[in-house]
Amino acid sequence: MKNNEPKEIIQWSYDYIQSFYLNNNGLTSDAERQYLNYLSPFSDKYFSHLNPFILFGGAAHEQLLKKNVWMLRDGLIPLSYFFQEASVDLMKGKRKFIIHKDYWFLVPKEWQKNVIFYDITSNHVFDSNNLPKKIVITGVANETLADPEEFTEDIKELAAVFSKKDLEKIEISAYLPNKRTDLWGRWQDENIFKYAKVMFQNLKLDIDFPEWEIIKMNMDFQNTLYFEINRGTLVKDSYLQHMMLSRGAGLLKKKNDLKGFTLIKKHPLSLYHGVDIYEFDFANAPDYENPIESDIMPYFKTIIEKGTSARHVSAGWEKWYGTYVKKYYKTAGLV
Amino acid sequence: MKLLIIKSSTESKWGSCKVISPNLHKLYHGLGKGFELDWFELPEDLMKGEMKSYSSLVSELYKHIEATKPDRLVFVDHLPPPPVVVSFLLIQAQLSKLPPMIFHLYGDFTYFSKQWNYLNEVLEGHPVRFIVASDSQERLVNEFLADDFKAQRPIDKLCFPVNAKDYFYSSKDRTDLRAEMGLGEDDVVVLYSGRISLQKNVDLLINEFLKIKKEGKRFHLWVVGAFDDVGADFIGYESYPGYMFAKIQTILDGCSQDELKRVKFFGHLGKASLRVTKAAADIFASFSLYHDEDYGMSPAEALATGLTSILTDWGGYSSFASSDKWHCELVSVGLSEFGFELGTQSFIDLVENYAGKSDNLRFSHSKEFLAKFSIEGNIDVLREILKKDGVPFTGFTWLLEQHAFAMNENWSKIKYNKFLAPRDKGYYPQLYNNYISGKTKENNNEK
Numbered sequence: 003m004k005n006n007e008p009k010e011i012i013q014w015s016y017d018y019i020q021s022f023y024l025n026n027n028g029l030t031s032d033a034e035r036q037y038l039n040y041l042s043p044f045s046d047k048y049f050s051h052l053n054p055f056i057l058f059g060g061a062a063h064e065q066l067l068k069k070n071v072w073m074l075r076d077g078l079i080p081l082s083y084f085f086q087e088a089s090v091d092l093m094k095g096k097r098k099f100i101i102h103k104d105y106w107f108l109v110p111k112e113w114q115k116n117v118i119f120y121d122i123t124s125n126h127v128f129d130s131n132n133l134p135k136k137i138v139i140t141g142v143a144n145e146t147l148a149d150p151e152e153f154t155e156d157i158k159e160l161a162a163v164f165s166k167k168d169l170e171k172i173e174i175s176a177y178l179p180n181k182r183t184d185l186w187g188r189w190q191d192e193n194i195f196k197y198a199k200v201m202f203q204n205l206k207l208d209i210d211f212p213e214w215e216i217i218k219m220n221m222d223f224q225n226t227l228y229f230e231i232n233r234g235t236l237v238k239d240s241y242l243q244h245m246m247l248s249r250g251a252g253l254l255k256k257k258n259d260l261k262g263f264t265l266i267k268k269h270p271l272s273l274y275h276g277v278d279i280y281e282f283d284f285a286n287a288p289d290y291e292n293p294i295e296s297d298i299m300p301y302f303k304t305i306i307e308k309g310t311s312a313r314h315v316s317a318g319w320e321k322w323y324g325t326y327v328k329k330y331y332k333t334a335g336l337v
Numbered sequence: 107m108k109l110l111i112i113k114s115s116t117e118s119k120w121g122s123c124k125v126i127s128p129n130l131h132k133l134y135h136g137l138g139k140g141f142e143l144d145w146f147e148l149p150e151d152l153m154k155g156e157m158k159s160y161s162s163l164v165s166e167l168y169k170h171i172e173a174t175k176p177d178r179l180v181f182v183d184h185l186p187p188p189p190v191v192v193s194f195l196l197i198q199a200q201l202s203k204l205p206p207m208i209f210h211l212y213g214d215f216t217y218f219s220k221q222w223n224y225l226n227e228v229l230e231g232h233p234v235r236f237i238v239a240s241d242s243q244e245r246l247v248n249e250f251l252a253d254d255f256k257a258q259r260p261i262d263k264l265c266f267p268v269n270a271k272d273y274f275y276s277s278k279d280r281t282d283l284r285a286e287m288g289l290g291e292d293d294v295v296v297l298y299s300g301r302i303s304l305q306k307n308v309d310l311l312i313n314e315f316l317k318i319k320k321e322g323k324r325f326h327l328w329v330v331g332a333f334d335d336v337g338a339d340f341i342g343y344e345s346y347p348g349y350m351f352a353k354i355q356t357i358l359d360g361c362s363q364d365e366l367k368r369v370k371f372f373g374h375l376g377k378a379s380l381r382v383t384k385a386a387a388d389i390f391a392s393f394s395l396y397h398d399e400d401y402g403m404s405p406a407e408a409l410a411t412g413l414t415s416i417l418t419d420w421g422g423y424s425s426f427a428s429s430d431k432w433h434c435e436l437v438s439v440g441l442s443e444f445g446f447e448l449g450t451q452s453f454i455d456l457v458e459n460y461a462g463k464s465d466n467l468r469f470s471h472s473k474e475f476l477a478k479f480s481i482e483g484n485i486d487v488l489r490e491i492l493k494k495d496g497v498p499f500t501g502f503t504w505l506l507e508q509h510a511f512a513m514n515e516n517w518s519k520i521k522y523n524k525f526l527a528p529r530d531k532g533y534y535p536q537l538y539n540n541y542i543s544g545k546t547k548e549n550n551n552e553k
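Protein chains in written order, with this note's numbering: chain A, 3 to 337; chain B, 107 to 553.
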């Protein structure tokens, strides 16, 4: 006789469909693919109901119309380009774009009602009073995430948090993939040893350089400080950070917080970390001149785009634009 | 008997093999009198090395075999894939000059089907034996063996042993942790430990746990382990990192405050903390339907601490079923046109009617389980296997080649494949019906 007990059905095809629709980022152009592949694993995808997304060049507008919430993981340059180029259709209805709170100054007036802000937080925070057992340093050994000067500054900042004696006790490993060409130009000779030298001089000599295959299989990063050398020029919220924090790693204690933000929601991304979502008081924001809103920008863009037959991420427009925007905001003390 | 044992020079990257490999090595070390052990290390990623580098390593291995003339060549670890080592070895060596070979097979046998298929071309007629960890894995591997070869019984069963020094029952551990967690006599703790990934069905476990409502008792679910988004690559479904967490978070978002207090996630725990957590729990539960579940190290370690367990009748889990020496029940598993069908009511009944276990009974269950599944308890089993003669290899059947083709096709495309999906038609039941034993309580009652 057959047992009539009710059965639970398991169909993983449902998960496939869920994951497909919720994370259909619609990579439509070669430019996007090139950009994302170049910055892998920093630009790799991860899943959340906030729809984390990396855009570049404003090429994904049709995809962006499909959902009402997007968490834009991009950094300074793609975001500034997006606010300049994105279609006004995106501002209709209740659609919200969540961008990193460091980039409040990029949001044009007409976009302000559609933009809220995020910050990645970890349950574990380290400083000189709460030492990690291990520090994992990541970045790219060329200028795409941070240039050599910025790299040195960040390593010195890390070294300043801990004493030499503490650093001797802490295990340090670094993952700095060396990409063969520069995202913004032709192949150029990049002396990767200078990055290692900066770490040896400022931290200690005993630094391990594990392979990506080893790092990605490690499921336990508890008691580990994750330190990413990334000035957020291209990708602000990196997959490596997501991976490490979701496996128990922590962040360095932040020094001070920006004013004008009100926390409206906390959204977990893993057992150990999440996203804090903020509103910003634009009415009381400091005054500044935004170069991407000036009349001269479209003029420059037209000249350069007309001179570029095959538009791709290494094309002249992006290179010029990237360098200009980065230098402008750096000089203004905003990044 | 002289054994040349080939092992990986590095620790496995796979969580369960981090435990399985050292325990198997200890088991070999325990063989004692009559066995002379010689270990040879090869890098886990042998295939990825420079050709000069791996050919010199394999050449060194061949020279070593010629110099030491072992009676058996044993491949104890899952990586580097043994068929790859053998193929490389036979580029330089004559088959007749090699000793009989013993291969420990793991759950990744199907994953490395392409590599295992290499042996058809190079190992014909050579004496071999395969060692698997469970009855279901034996059935699955047998599916790929030719009838004449199978008839000579070339497969032996040896469990992946538990290290009794790591997993045992401690009354003090139980009392201390339960006191720290504020638990009393009426609190019943259901524990899951292992990876939290799609095919482990932890989401279903939470949903079924939330159905448990019996007056007079307070039920808790403890989930130990890291979230892992490996998805179900077998059917062409690659999950995005963060998907499993979001899926489970959606369930928790619908829970009441009281329920949220009773479902606790511990994250990844080290060996010592995991043992204490197992001691403090009452019931171990897993609804895993993982396609490579050839054994089940986590349930084995739970049973070693005397925990009552309820597991899916799937893969190696079925080997643990017992109602006398220790207590492990199975949840029925079936395949229908809709997918897997699980008789989860038996889980709810077992948890609701759990009457508690005295310390003495818990010690006794732990002891009895370890007598069969510990390193010490398996030394004689291994001795007997090693004494057996090898069976001349006649090759795997065409099915392995077909399987290898289907798998590789799928992994390269990462696209959902209906033909390989779990249901009662297509390829899945042909292979994975071997993972269902039918030894459930409901089936026994019907008989």
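Think of the CB as a built atom: it goes at the ideal place given N, C-alpha and C, for glycine as much as any other residue.
Notebook entry, point to check: Would a C-beta distance cut-off of 9 Å place LEU526 of chain B and GLY342 of chain B closer than the cut-off?
Noted result: yes
| In this structure, what does DSSP give as the bridge partners for THR414 of chain B? | B:ILE389
Answer with buried or exposed for LYS493 of chain B, where buried requires no fewer than 16 other C-beta atoms within 10 angstroms of its C-beta. exposed
With DSSP collapsed to three states, give me the class of PRO338 of chain A. The first residue shown for chain A is 3 and the last is 337, placing residue 338 of chain A beyond what the model contains.
Report task. If I'm right that SER114 of chain B touches GLU142 of chain B with Cβ under 8 Å, what's the distance once you round it to whole angstroms? Result -> About 21 Å separates the two Cβ atoms, so there is no contact after all.
Is there at least one Cβ from chain B nearer than 9 Å to ARG249 of chain A's Cβ?
yes
Item checked: Endpoints, the alpha helix (DSSP H) within which ARG468 of chain B is located -> 465–479
C-alpha gap between ALA285 of chain B and THR414 of chain B, whole angstroms:
21 Å
Query raised in the report: What span of residues does the alpha helix (DSSP H) with PHE195 of chain A cover, start to end?
Result: 195–204
> In or out: THR140 of chain A buried (at least 16 other Cβ within 10 Å) or exposed?
Replying inline: buried
Notebook entry, point to check: Using Cβ-Cβ distances below 9 Å, what residues of the segment 229–261 of chain A are close to chain B?
Noted result: TYR241, HIS244, MET245, SER248, ARG249, GLY250
Subject >> Interface residues of chain B facing GLN13 of chain A [CB-CB closer than 7 Å] >> reply: PHE444, GLY445
- Residues near LEU52 of chain A by beta carbon distance below 7 Å, same chain, minus five either side: VAL71, MET73, ILE100, HIS269, VAL277
_Alpha carbons only, please: which of A:ASP149, A:MET221, A:VAL237 is nearest the one belonging to VAL200 of chain A?_
A:ASP149
Original post:
Tell me the DSSP bridge mates of ILE174 of chain A?
Top reply: A:ILE137, A:ILE209
task = Have a look at the DSSP bridge pairing and note the partners of TYR541 of chain B.
result = Answer is none; TYR541 of chain B lacks a bridge partner.
* Asked: Do ILE209 of chain A and ILE174 of chain A have their C-beta atoms within less than 9 Å of each other?
  -> yes
- From TYR538 of chain B to HIS126 of chain A, what does the alpha carbon distance come to, in whole angstroms? 43 Å
Open item on the list: For THR450 of chain B and GLU10 of chain A, I'd like the C-alpha separation in whole angstroms.
Closed with: 7 Å
Note to self: Let me make sure I understand the geometry here. Which of B:VAL336, B:LEU409, B:SER345, B:SER299 has the alpha-carbon closest to that of PHE372 of chain B?
What the structure shows: B:SER299
Checklist line | Collapsed DSSP secondary structure at PHE274 of chain B in the structure displayed | finding: coil
What's the call for MET107 of chain B, buried or exposed, on a 16-neighbour Cβ count within 10 Å? exposed
Taking contact to mean at least 3 C-beta pairs separated by less than 8 Å, is the segment 294–309 of chain B in contact with the segment 379–388 of chain B?
yes
Exercise for review: Could you tell me whether the Cβ of PHE65 of chain B comes closer than 9 Å to any Cβ of chain A?
Suggested key: Nothing about residue 65 of chain B can be reported from this structure: the residues present for chain B run from 107 to 553 only.
Is the segment 259–270 of chain B touching the segment 218–236 of chain B in the sense that three or more CB pairs, one from each, lie closer than 8 Å? yes
TODO: Using a Cβ-Cβ cut-off of less than 8 Å, list which residues of the segment 385–419 of chain B approach chain A; keep chain order.
DONE: LEU395
* Residues near HIS275 of chain A by beta carbon distance below 7 Å, same chain, minus five either side -> ILE122, THR123, SER124, ASN125, LEU247, SER248
- Item | Simplified DSSP state of CYS434 of chain B, which is helix, strand or coil | strand
Indicate whether the contact test is met: 3 or more Cβ pairs, each with one atom in the segment 310–321 of chain B and one in the segment 211–230 of chain A, closer than 8 Å. no
Q. So, is the C-beta of LEU178 of chain A closer than 9 Å to a C-beta in chain B?
A. no
- So, are the CB atoms of VAL180 of chain B and VAL228 of chain B less than 9 Å apart? no
Members of the segment 302–318 of chain B that neighbour chain A once the beta carbon cut-off is set at 9 Å:
LEU304, GLN305, ASN307, LEU310, ASN313, GLU314
Starting from ILE56 of chain A, trace the alpha helix (DSSP H) in both directions and tell me its first and last residue.
Element bounds for ILE56 of chain A: n/a, residue is neither H nor E.
ask   = Starting from ASP177 of chain B and walking both ways along the beta strand (DSSP E), at which residues does that stretch end?
value = Careful: ASP177 of chain B lies outside any beta strand (DSSP E) and carries neither H nor E.
- Query: Does any CB atom of chain B fall closer than 9 Å to the CB of GLU7 of chain A?
  - Reply: yes
Roughly how many angstroms lie between the CA atoms of LEU448 of chain B and SER438 of chain B, to the nearest whole one? 6 Å
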